[in-house]
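A.B. asks: Let me begin by handing over the structure; questions about it come next.
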Amino acid sequence: MEHLLEVRDVTKIYEGGILANHNVNFTVEKGEIHALVGENGAGKSTLMKMLYGLEDITSGHIYMNGEELKFSSSKDAIDHGIGMVHQHFMLVDSLTGAENMMLGLKKTSFISNRKRDIEITNEVAKQYNFDIDAGRRVRDMSVGMKQKLEILKILYRSAQLIILDEPTAVLTPQETEELFERFLDLKKRGMTIIFISHKLNEVKRISDRITVLKGGVTKGTYLTKDVSEEDISNLMVGREISFDYDKPEVKPTETVLKVSNLKYVDKFKVPKISGVSFEVRRGEIVGIAGVEGNGQSELISIITGNMKAIDGQVFLNGKDITHESVGNIRKTGMSHVPEDRMIDGCAPEMTVQENLTVSNIDTFSNKFGMIQNGKVKEFCKRQIEEFNVKTMDENQAIGSLSGGNIQKVIVAREFKADSNLLVLNQPTRGVDVGAISFIHSKILEMRSDNKAILLVSADLNELISLSDRILVMHKGKIVGALNNSPKVTEQELGLYMLGLKKQEGLG
Amino acid sequence: MEKKNRKKFDIMNYFGAIRTIAALLLSMLLVFVIILFVSETPGLAIQKLMLGPLETKRSFFNVIVRAIPLVFTGLGLTLCLKSGIFNISSDASFYMGAVVATAIAISWPLPNIVHQTVLILAAGIIGGLISMLPVIINKYTKVNPVVLAIMANSIFYYFGLSIISTFFLEKSGSWGSYKFPDDARLGTMVKGTSLHYGFVIVIFVTIFVIFLMNKTSFGYKVRVTGSNPAFAKASGIRTGFIILIAQFIGGAIAGMGGAIEMVGVYKRFQWQTQTAYVWDGLLIYMLANGNPTFIPLTAFFIAYLRVGAEIMSRAADLDPEIVTFLQGIIILLVASQRFLYFIKKRHDQKVSLKQAEAEEGGAAA
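Protein chains in written order, with our numbering: chain G, 1 to 507; chain R, 1001 to 1365.
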């Protein structure tokens, strides 16, 4: 049988040699809802951009109905009946819904006919059971309506294959539910849908088959009814090796970080953190688990001073740092390994040496602000050796190193800053196995050195093998505080993460 | 094996420099071809263009004098651009620096040396403050700083011009201010040439900028902020403050450049048209690949071409504007990121595929 779409050995290398997809293979059948899941940075969006003609393919082939596709722009993709709803809306805010519908169409007349446009839009909307106000300007529409308009736009261009890139990320549960009903309706009409998400419950609810991507490589395609959410999450995170460390006995002493009743609401007025309180003491590793998007990133951003809470306090070493600047928080004694190492963790064009010293450069300069080069060089050489960074020398640009080595440089910088609290956000994401176990050993070393460590990770295995206590976040709240000795199981963590199990009386 | 790897890597490290030189050579070649077509004495024209400045001592020192303001704007732009803001208001700083210098030179009698010092420093401060404006206004209005900078260039040109016309215009003969007193001018350094003591100052300023950018924690913070502002912020650098100070220093250097050019080369203020030093500064900055160490070199190169073109136009049947054409091509080639880019792209792809395969091999084993 012929597949509607077949992706064979597709590789994509971005400028600067970043490998986003490597020999990706998967097929899509006509009339199915096919989910594409994977962590952030697994290469989902890149793959879809290639399917839609937005990015060119470095090597490999894409076939549709047996015919090879060679797109030079998204127009070609639209002509082949492929439509895409992007993560961020591609609508013109100042135009009405009907005007957005007509944009870029060939058959429109030179002089626009507003009344006719609105009629057509309403007709199409009615045909597919979508409820939108075609005469309203896009900027006055709700997020849910914008989403529907995007899909209608694609339907009106007679697409047979619709790609949806995390369509529910900005929707409320009710809007999501309505959208899913429309999807199932479209499926009945013979439409094929590729649905990208990392919300596993949604994927499980509406998809027929699931393809898992990890680190730019396909991990396989499964029938949705054959796999559980836990199975998918294991495949997404991947666990080729199990970490089993001998943790030395360390008695936690005084409290270093105290978070009390923290609250945060994002710009869509969605509460992201609703009253979180916890403590981290010297000599313990506190892990934070949770399905992505349940408030962990926001929590870390607030603790590290990169975002401001709307309510609640953060204390570091007994000092209120809720409203302090990042620089002052660091001086008070916090180190931070950020989630996205290429954006917040390093300056890719600068050298390893410069990246190693950025947050503590003032300790290397004399009172005139002059950098003591000898001291810096010696420090860098020592760190490169101690952290086993594979680089030509300290003057190589950090962007040319592999992910694992970049991460080691960042970890070296933060761990050597001599602070009491280490905040580690996904410290081993997208890093090779060797670097993972090395970074883990360093984290445990820091624990023995009596540092307080807050660890956020999507890798449950990592959390379980390192943490002394694990806090589970669900919908902006801590729903479980688990003592990790004896070790908790991934299954139990999973139950809390999905909100199926809850401890009462937590913040 | 290891040695071979090292060598290969080094070549790609110098990719930027090789590309710039290739762009220079290619554009020179193009200009030669054009000269061949339009000139009746192409041999003489090319010879005068390339070697003219070396023929007399006077013309050679002329090249240096022409290079001095270019170095000032180039260095000033280095600080502004390195902080990540495309603040090209150096022309405003430069012009106002010259106006301030004129005002102090004419209306404030001071002893020799003190007079020059005061007027150069005052020009620097005014230049620095002007250069901060685009960033400050941008913070409150969110108007693109490039637009603000270009507007500032226009506004301060007319502002400066009206100051000169209103207060310092000599009402006789051609347009110009009163003459500067001798104790306000920078004296001639080498007899029989136009080289003035601004040359010494430019050397000091160059060393200062190189030192500031490469050896101090401030310069380091500027570079981090320009290279990745999100990272700088996450590392606790006060990016807003750093950017502002960088603009001040950059503008101050441009302002001092304006003052030095005015009292070094001219006897009275005569700039009735808008100066265009910022575009020259950008050209020099780009040719130097943003490295302050190379700025005197690239400034000398551009000044050399200009003096050469003038000598050529006197000797042969060509206009000196041919150099403007040459500059255009150089800018186009240096600025176009895709020029010779395929070499780097191919190299990068090979490296990352190799890496991926090695990692997969490692994971399988």
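In this text, a Cβ means the ideal position worked out from N, Cα and C, and glycines have one as well.
#1: Which residues in chain G sit within 9 Å of isoleucine 1237/R, going by Cβ to Cβ distance?
#2: Counting only beta-carbon atoms, is glycine 369/G nearer than 9 Å to chain R?
#3: Touching or not, the stretch 1240-1250 of chain R and the stretch 353-365 of chain G, by the rule of three or more beta carbon pairs under 8 Å?
#4: How many Å lie between glycine 1352/R and valine 10/G at the Cα?
#5: So if I threshold CB-CB distances at 8 Å, which residues from the stretch 1220-1237 of chain R count as touching chain G?
#6: Once the 5 residues before and after proline 1042/R are set aside, which same chain residues still bring their CB inside 7 Å of it?
#7: Strictly below 8 Å CB to CB, what residues from chain R border glycine 345/G?
#8: Nearest to methionine 342/G by alpha carbon, out of Cys380/G, Ser274/G and Pro427/G?
#9: Kindly indicate which three-state DSSP category histidine 440/G falls into: helix, strand or coil?
#10: Can you tell me whether lysine 1142/R is buried or exposed? The criterion is at least 16 other CB atoms within 10 Å of its CB, across all chains shown.
#11: Glutamine 313/G lies in the alpha helix (DSSP H); which residues open and close that run?
#12: Identify the continuous beta strand (DSSP E) that holds threonine 192/G and give its terminal residues.
#13: Measuring CB to CB, does valine 1256/R end up less than 9 Å from phenylalanine 1072/R?
#14: Just to confirm, are isoleucine 273/G and alanine 159/G a CB contact at a threshold of 9 Å?
#15: Under 8 Å Cβ-Cβ, which residues of chain R neighbour serine 509/G?
#16: Quick check: is the beta carbon of aspartate 1319/R nearer than 9 Å to any beta carbon in chain G?
#17: Work out the CA separation of glycine 1127/R and glycine 318/G for me, nearest whole Å.
#18: Is isoleucine 321/G helix, strand or coil by DSSP?
#19: Report yes if the CB atom of methionine 307/G is closer than 9 Å to the CB atom of leucine 421/G, and no otherwise.
#20: Counting only the same chain and skipping the five closest in sequence on each side, list residues whose C-beta sits under 8 Å from that of valine 1393/R.
#21: Enumerate in chain order the residues of its own chain whose CB-to-CB distance from alanine 199/G is below 7 Å, with the five nearest sequence positions on each side excluded.
#22: Under a three-way DSSP split, which group does proline 271/G fall into?
#23: Any idea what DSSP makes of leucine 1305/R, helix, strand or coil?
#24: Among all the DSSP beta bridges, which residues are the ones paired with asparagine 425/G?
#25: Checking contacts by CB at 9 Å: is aspartate 1183/R closer than that to chain G?
#26: Following the continuous alpha helix (DSSP H) through glycine 403/G, name the residue where it begins and the one where it ends.
#27: Is there a Cβ from chain R that is less than 9 Å from the Cβ of lysine 214/G?
#28: Out of curiosity, what's the CA-to-CA distance linking alanine 1105/R and phenylalanine 1168/R?
#29: For phenylalanine 1339/R, decide whether its Cβ has a neighbour in chain G, counting only Cβ atoms nearer than 9 Å.
#30: Would you call the stretch 1110-1121 of chain R in contact with the stretch 1302-1313 of chain R, where contact means no fewer than 3 C-beta pairs closer than 8 Å?
#31: If you measure between the beta carbons of aspartate 208/G and glutamate 32/G, is that distance less than 9 Å?
#32: Within the same chain, show all residues whose beta-carbon is closer than 8 Å to that of glutamate 394/G, passing over the 5 residues directly before and after it, in chain order.
#33: Using a beta-carbon distance cut-off of less than 9 Å, what residues from the stretch 286-320 of chain G approach chain R?
#34: Would you list the one or two residues that DSSP bridges to arginine 209/G?
#35: Let me confirm a value: asparagine 366/G is counted as buried when at least 16 other C-beta atoms fall within 10 Å, else exposed. Which label applies?
#36: Looking at chain R, is there any beta carbon in it that lies within less than 9 Å of the beta carbon of isoleucine 470/G?
C.D. replies: Reading off the structure:
#1: Your numbering for residue 1237/R matches position 237 in the second sequence. In chain order: Val326, Gly327, Val358, Ser359 and Ile361.
#2: Walking along the first sequence from the start, residue 369/G turns up at place 369. Chain R, which has a Cβ nearer than 9 Å to the Cβ of glycine 369/G, makes this yes.
#3: no
#4: Here residue 1352/R refers to the residue found at position 352 when the second sequence is read from its first residue. Here residue 10/G refers to the residue found at position 10 when the first sequence is read from its first residue. It should be pointed out that residue 1352/R corresponds to serine in this sequence rather than to glycine. Going from the Cα of serine 1352/R to the Cα of valine 10/G covers about 15 Å.
#5: Tyr1220, Lys1221, Arg1223, Val1224, Ser1227, Asn1228, Ala1230, Phe1231, Ala1232, Lys1233, Ala1234, Ser1235, Gly1236 and Ile1237
#6: Taking the first residue of the second sequence as 1, we reach residue 1042/R at position 42. Only Ile1035 and Leu1036 meet the Cβ criterion.
#7: Along the first sequence, one-based indexing puts residue 345/G at 345. In chain order: Phe1231 and Ala1234.
#8: Position 342 of the first sequence holds residue 342/G. Ranking Cys380/G, Ser274/G and Pro427/G by Cα distance to methionine 342/G puts Pro427/G first.
#9: As a working mapping, residue 440/G is identified with position 440 in the first sequence. Three-state result, histidine 440/G: helix.
#10: Along the second sequence, one-based indexing puts residue 1142/R at 142. Lysine 1142/R comes out exposed.
#11: For the purposes of this step, residue 313/G is identified with residue 313 of the first sequence, where counting begins at 1. First-last for glutamine 313/G: 311-316, but that is the beta strand (DSSP E), not the alpha helix (DSSP H).
#12: In the first sequence, the residue the question calls residue 192/G occupies position 192. Threonine 192/G -> beta strand (DSSP E) spans 192-197.
#13: Here residue 1256/R refers to the residue found at position 256 when the second sequence is read from its first residue. Here residue 1072/R refers to the residue found at position 72 when the second sequence is read from its first residue. One detail in the question is off: residue 1256/R reads as methionine in this sequence, not valine. In contact: methionine 1256/R and phenylalanine 1072/R (Cβ atoms closer than 9 Å).
#14: Taking the first residue of the first sequence as 1, we reach residue 273/G at position 273. Taking the first residue of the first sequence as 1, we reach residue 159/G at position 159. With a cutoff of 9 Å on beta-carbon distance, isoleucine 273/G and alanine 159/G are scored as not near each other.
#15: Shown here, chain G extends from 1 to 507; a query on residue 509/G therefore has no answer.
#16: Residue numbering aside, residue 1319/R sits at position 319 when the second sequence is read from its first letter. False, the Cβ-Cβ gap to chain G never drops below 9 Å.
#17: Numbered from 1 along the first sequence, position 318 holds the residue referred to as residue 318/G. Numbered from 1 along the second sequence, position 127 holds the residue referred to as residue 1127/R. Distance between the alpha carbons of glycine 318/G and glycine 1127/R is about 46 Å.
#18: Along the first sequence, read from residue 1 onward, the residue named residue 321/G stands at position 321. Correct three-state label for isoleucine 321/G: coil.
#19: Sequence index remark: in the first sequence, residue 307/G carries index 307 (1-based). Sequence index remark: in the first sequence, residue 421/G carries index 421 (1-based). Taking 9 Å as the Cβ cut-off, methionine 307/G and leucine 421/G do not qualify as a contacting pair.
#20: Given a span of 1001 to 1365 for chain R in the structure shown, any question on residue 1393/R remains unanswerable.
#21: Residue 199/G sits at position 199 when you count from the first residue of the first sequence. For clarity, residue 199/G is lysine in the given sequence; the question names alanine instead. Excluding residues within five positions, the ones whose Cβ falls inside 7 Å are Thr168.
#22: Here residue 271/G refers to the residue found at position 271 when the first sequence is read from its first residue. Strand, per DSSP.
#23: What you label residue 1305/R is simply residue 305 of the second sequence in a count that begins at 1. Three-state DSSP puts leucine 1305/R in a helix.
#24: Position 425 of the first sequence, counting from 1, holds the residue named residue 425/G. Asparagine 425/G is bridged to Val456/G.
#25: Walking along the second sequence from the start, residue 1183/R turns up at place 183. It does not; no Cβ of chain G falls within 9 Å.
#26: What you label residue 403/G is simply residue 403 of the first sequence in a count that begins at 1. Element bounds for glycine 403/G: 403-415.
#27: Against the first sequence, residue 214/G aligns to sequence position 214. No, its Cβ sits nowhere closer than 9 Å to a Cβ of chain R.
#28: Position 105 of the second sequence, counted from the start, is the residue given in the question as residue 1105/R. Position 168 of the second sequence, counted from the start, is the residue given in the question as residue 1168/R. Distance between the alpha carbons of alanine 1105/R and phenylalanine 1168/R is about 11 Å.
#29: Counted from its first residue, the second sequence places residue 1339/R at position 339. Not closer than 9 Å to any Cβ of chain G, the Cβ of phenylalanine 1339/R fails to qualify, so no.
#30: With the cut-off at 8 Å, the stretch 1110-1121 of chain R and the stretch 1302-1313 of chain R do not touch.
#31: Here residue 208/G refers to the residue found at position 208 of the first sequence. Here residue 32/G refers to the residue found at position 32 of the first sequence. Aspartate 208/G is a Cβ neighbour of glutamate 32/G, given a cutoff of 9 Å.
#32: Here residue 394/G refers to the residue found at position 394 of the first sequence. Thr351, Val352, Gln353, Leu356, Lys377, Cys380, Lys381 and Ile384, listed in sequence order.
#33: Only Thr304, Gly305 and Asn306 from the stretch 286-320 of chain G bring a Cβ to less than 9 Å from some Cβ of chain R.
#34: By 1-based counting over the first sequence, the position of residue 209/G is 209. Its beta-bridge partners are His34/G and Leu223/G.
#35: By one-based count along the first sequence, residue 366/G stands at place 366. Counting Cβ neighbours within 10 Å, asparagine 366/G comes out exposed, since fewer than 16 surround it.
#36: Mapped onto the first sequence, residue 470/G falls at position 470. No, no contact with chain R.
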